[in-house]
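Each remark here refers to the structure printed beneath this line.
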């Protein structure tokens, strides 16, 4: 299925309550208005230069946007990244494939399981490891939980970007349920390191499926409540509708993926287009909106969260029994409980810890849909136990560079809100 | 003792008491704000300092006093230091205009006016002092020599000009109805049960005045001057220690004063809602009304997102100003006919 068919002729949808009588301006009109604004301000005007970030209290992470202002309007933006650079890709060259998994947690620390998952999928493709069905289902559940926690946090922060302080903490309260589930699952709340090459590190604990189902049933009610709260808020609507326009063409030009691309009318979702884990065995819809503005990005994420809950429910019902880690001595780190009893497993463990897995020569690029967009991992292997070169094409990096066309012509008040709407995490950007 | 000496003595007592009440309320209002914010946000708020955290504000004050008072090298130093005082001194002056009891009350055989300044142009004075207070923020923004501060100061200046117009026009409606510019007279015009209060005939005025007062107090959703998400801290960016504390203090004093003014102009001031409740002293009613409006300000602040700058201007000029003028015209016609 080609994901890049976008339908610009699609009717403009009107989601704005209470504004039904007034049709929303089309994307072209909004872009023309933005261009006019820029035309008006660029000239002999004296501008002042301010630095939004890295020490601005509301900028997301340590991102820097040096902004030239003409009055309240942003005339020019120069993005600056690199303040959180930790050399993750270089670290990969000095670790075996197993040892790199905890490092991937620190890429996008708000959806660390997705990062583990993307990396493991790439390595498994390189090694040709067959992941057991149960592990695929568990991964799908964990990935969707991760998407939920990421989007809920995003929602709180996004509303706070427009000045409402309370919503942030309400969202944190609900994110807590998901973090509790992760804690039961793997012991960690933020940096999960739950994925392993060939499966996952632990089976689902007793009662976990029940608890998870409760959360998946409970969250959609909460989401409906949020949506009521936000969609009925005239101030938020006034602020979010029609700003930060980024059309499908812009998205393709700047390699923007994920909810931002889907808000521009492109039904591109790797979970559907190039299925991995158990996504081809569950039934879900790709959330698409057509107005390409900040408000539609909010709508896309709300829909995605509902779909995530439905995916989790389906997976929990259909999780097959069986092993949760592949039986593949050459590539998979054996479980600790076998290592202490079984001689073969002990040898396998010894080899993997002291030498590393046996990897064929070659290179691989594998991309999956993480909460923020498409995350691709490119690995070059020279046949050794460590990658010769590893590159992570993280969504935030591309999203963070697309800031000048997004900001310019908008008002300073919306800068943080627009930046938040494309969902950038700096750990993911700088690596 | 001569009569004028007694009156002076009472004036002194009234002034001291009134300022003490105003100042003494502020730490507790800050505490309530934090507690309310906690309740709104499903957390508990301050709990450590004193019983239920009630001494939190005093702890904060001690902390602020012990902090270094920084003045940036490039700042316009005298103006920078003066700015916080310009913000909060007018607040106290407005307090002098607000009656907290009837005129000529009999206390120990003396006729005492339960208002500090029974001033015939009270409403005009209130508007004038409000205009002066904004200079505190504008000066702070300018003198800090910082881009964020400058933007904050300019925003507040523009906001004030836009909203003061509608605020003043909204007040003219009340003035027409009460036929006086004197706060005591206005309260006396609202004698009787609560349906004699001016918020019923002047409901539009009240709505405009209340919203404009939020803008004047620089609180969410109109806190554009110090919008954290946009301007770091706006005019407060370069302030530290107790000088920053003075700004906060001034804002809360202004909040108390503004609530008192709203209560006086629209909600019968020190009058009881029902005449049979008049055995409760007038200042208790005033206090209750003040606390109610302070709660309203807090409720709004912790609920709503912030307006964008151009939207704020739109509301001020395109909605409130025409509405205030229409209200004024209707009121004028009704008052002249009836």
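Protein chains in written order, with this note's numbering: chain D, 587 to 1017; chain R, 6 to 343.
Idealized CB from N, CA, C, for every residue including glycine.
The stretch 59-76 of chain R in contact with the stretch 30-42 of chain R per 3-pair CB rule at 8 Å: Segments in contact, yes.
Contact list for the stretch 206-240 of chain R against chain D, Cβ threshold 9 Å: Those residues of the stretch 206-240 of chain R placed with their C-beta closer than 9 Å to a C-beta in chain D are 225, 226, 228, 229, 232, 233, 234, 235, 236, 237 and 238, ordered along the chain.
Residue 77(R) vs residue 184(R) beta-carbon contact at 8 Å: No, Cβ-Cβ distance for residue 77(R) and residue 184(R) is not below 8 Å.
Selected residue, minimal CA-CA separation from residue 724(D), among 873(D), 788(D) and 979(D): Closest option to residue 724(D), judged by alpha-carbon separation, among 873(D), 788(D) and 979(D): 788(D).
Chain R contact residues for residue 747(D), given Cβ-Cβ distances below 7 Å: Neighbours of residue 747(D) on chain R, chain order: 234.
CB contact below 8 Å: residue 312(R) versus chain D: At a cut-off of 8 Å between beta-carbon atoms, residue 312(R) makes contact with chain D.
Cβ of residue 752(D) within 8 Å of any chain R Cβ: Chain R contact via Cβ: present.
Helix, strand or coil at residue 652(D) according to DSSP, with G and I counted as helix: Strand.
The stretch 774-787 of chain D in contact with the stretch 725-743 of chain D per 3-pair CB rule at 8 Å: These segments touch.
Between the CA atoms of residue 988(D) and residue 876(D) - distance to the nearest angstrom: Rounded to the nearest whole angstrom, the C-alpha separation of residue 876(D) and residue 988(D) is 19 Å.
Stretch pair the stretch 162-178 of chain R + the stretch 82-94 of chain R: three plus CB contacts closer than 8 Å: By the C-beta criterion, the stretch 162-178 of chain R is judged not to be in contact with the stretch 82-94 of chain R, since fewer than 3 inter-stretch pairs fall below 8 Å.
Sufficient close CB pairs (3 or more, under 8 Å) joining the stretch 47-59 of chain R to the stretch 211-221 of chain R: Contact between the stretch 47-59 of chain R and the stretch 211-221 of chain R is absent, because fewer than three Cβ pairs lie under 8 Å.
Cut-off 6 Å between Cβ atoms - residues of its own chain near residue 709(D), not counting five sequence neighbours on either side: Taking C-beta separations shorter than 6 Å and ignoring five residues to either side along the sequence, the partners of residue 709(D) in its chain run 683 and 783, following chain order.
Residue 821(D) at chain R interface by Cβ criterion, 8 Å: Cβ-Cβ to chain R under 8 Å: yes for residue 821(D).
Per-residue DSSP class, three states only, for residue 193(R): Helix.
N- and C-terminal bounds of the beta strand (DSSP E) containing residue 636(D): Going by DSSP, residue 636(D) is part of the beta strand (DSSP E) stretching over 634-638.
Residue environment, residue 796(D), which counts as buried when at least 16 other CB atoms sit within 10 Å: Classification of residue 796(D): exposed, given that the 10 Å Cβ count is below 16.
Neighbourhood of residue 735(D) by C-beta, 6 Å cutoff - its chain only, sequence neighbours within 5 removed: So the qualifying residues of the chain are 761 and 764.
Contacts that residue 861(D) makes with chain R (C-beta to C-beta distance below 8 Å): Within 8 Å Cβ-Cβ: nothing; residue 861(D) doesn't reach chain R, min ~39 Å.
DSSP three-state assignment for residue 951(D), whether helix, strand or coil: It is a strand residue.
Any 3 or more C-beta pairs closer than 8 Å across the stretch 661-673 of chain D and the stretch 960-970 of chain D: The stretch 661-673 of chain D is not in contact with the stretch 960-970 of chain D.
CB contact check: residue 658(D) to chain R, cutoff 8 Å: Residue 658(D) counts as touching chain R.
Test item: CB-CB of residue 868(D) and residue 895(D) under 8 Å: In this structure, residue 895(D) does not lie closer than 8 Å to residue 868(D) by Cβ.
Secondary structure of residue 663(D), DSSP reduced to three states: Taken through DSSP and simplified to helix, strand or coil, residue 663(D) comes out as strand.
Residue 985(D) classed as buried or exposed, judged by whether at least 16 other C-beta atoms fall within 10 angstroms: With at least 16 other beta carbons inside 10 angstroms of its own, residue 985(D) counts as buried.
Extent of the continuous beta strand (DSSP E) run through residue 960(D): Where residue 960(D) is concerned, the enclosing beta strand (DSSP E) stretches over 959-967.
Nearest candidate by alpha-carbon position, reference residue 102(R), set 192(R), 173(R), 83(R) and 51(R): Among 192(R), 173(R), 83(R) and 51(R), the Cα nearest to that of residue 102(R) is on 192(R).
Residues within the stretch 979-1002 of chain D neighbouring chain R, beta-carbon criterion of under 9 Å: Contacts with chain R (Cβ-Cβ distance below 9 Å) from the stretch 979-1002 of chain D involve 997, 998, 999, 1000, 1001 and 1002, listed in chain order.
At least three beta-carbon pairs within less than 8 Å, the stretch 138-158 of chain R to the stretch 240-251 of chain R: Touching, yes.
Cβ pair residue 732(D), residue 781(D) closer than 8 Å: No; because the gap between Cβ atoms is not below 8 Å, this pair is not in contact.
Chain-ordered neighbours of residue 809(D) on chain R, where CB pairs are closer than 9 Å: Within chain R, no residue has its beta carbon less than 9 Å from that of residue 809(D); the closest one is some 17 Å off.
Residues near residue 69(R) by beta carbon distance below 6 Å, same chain, minus five either side: For residue 69(R), where only same-chain residues beyond five positions count, the Cβ hits under 6 Å are 246, 247 and 250.
Distance between beta carbons of residue 139(R) and residue 165(R), contact taken as under 8 Å: About 4 Å separates the beta carbon of residue 165(R) from that of residue 139(R), a gap short enough to meet the 8 Å contact definition.
Test: residue 48(R) CB closer than 8 Å to a CB of chain A: Here chain A cannot be found, since the structure's protein chains are D and R.
Within chain R, the residues that residue 909(D) reaches when beta carbons sit closer than 8 Å: Under the 8 Å cutoff, chain R gives no residues; its nearest Cβ is about 42 Å from residue 909(D).
Simplified DSSP state of residue 621(D), which is helix, strand or coil: When DSSP states are grouped into helix, strand and coil, residue 621(D) belongs to the helix group.
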